[in-house]
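Report on the structure given below.
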Amino acid sequence: MKNENTEQPVFLFGKRNYTFMIIGLMVIALGFIFMAGGGSDDPEFFNEEIYNWQRIRLAPTLVILGLGIEIYAILANPKK
Numbered sequence: 088m089k090n091e092n093t094e095q096p097v098f099l100f101g102k103r104n105y106t107f108m109i110i111g112l113m114v115i116a117l118g119f120i121f122m123a124g125g126g127s128d129d130p131e132f133f134n135e136e137i138y139n140w141q142r143i144r145l146a147p148t149l150v151i152l153g154l155g156i157e158i159y160a161i162l163a164n165p166k167k
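Going from the sequence shown to the working numbering is simple: count from 1 and add 87.
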């Protein structure tokens with residue numbers, strides 16, 4: 088016999104929240120990918136590419152933007 092009083096599991100976040108969380112994580116990951124590299128294998132040679140705009144401006148901006156998206160995803164009211 089099935090118990091008719093069983094409750095369905097209630098999730099803390101809705102589908103919309105999880106979608107924004109995944110988008111935020113992808114933006115953060117993209118920022119860290121842009122931040123990677125630029126070093127030199129030879130310690131006698133200095134690579135100026137470590138100071139290009141992608142690593143200095145774009146990558147940190149993407150990480151901060153991704154964190155903002157994550158905060159929005161957590162605080163957004165799930166539509167019921």
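Using N, Cα and C, we set each Cβ at its ideal position, and we do this for glycine too.
Taking the Cβ atom as the reference point for each residue, do residue i and residue j lie within a distance shorter than 8 Å?
i	j	result
I156	F107	yes
G111	A160	yes
G126	I143	no
Measuring straight from C-alpha to C-alpha, what distance separates residue i and residue j?
i	j	result
P147	L99	30 Å
I109	Q141	23 Å
N92	P165	25 Å
I158	G101	15 Å
Q95	I151	37 Å
Assuming the contact rule is C-beta atoms closer than 8 Å, residue i and residue j should be a hit. Round their C-beta distance to whole Å, please.
i	j	result
F149	V114	Before going on, a small fix: residue 149 reads as Leu here, not Phe. The Cβ separation is near 6 Å, so the contact holds.
G153	G118	6 Å
Considering just the uninterrupted stretch of the alpha helix (DSSP H) at residue i, what are its terminal residues?
i	result
L117	102–122
F162	The residue you asked about is not Phe; residue 162 is Leu in the sequence shown. Looking at the DSSP string, the run of the alpha helix (DSSP H) that includes L162 is 146–162.
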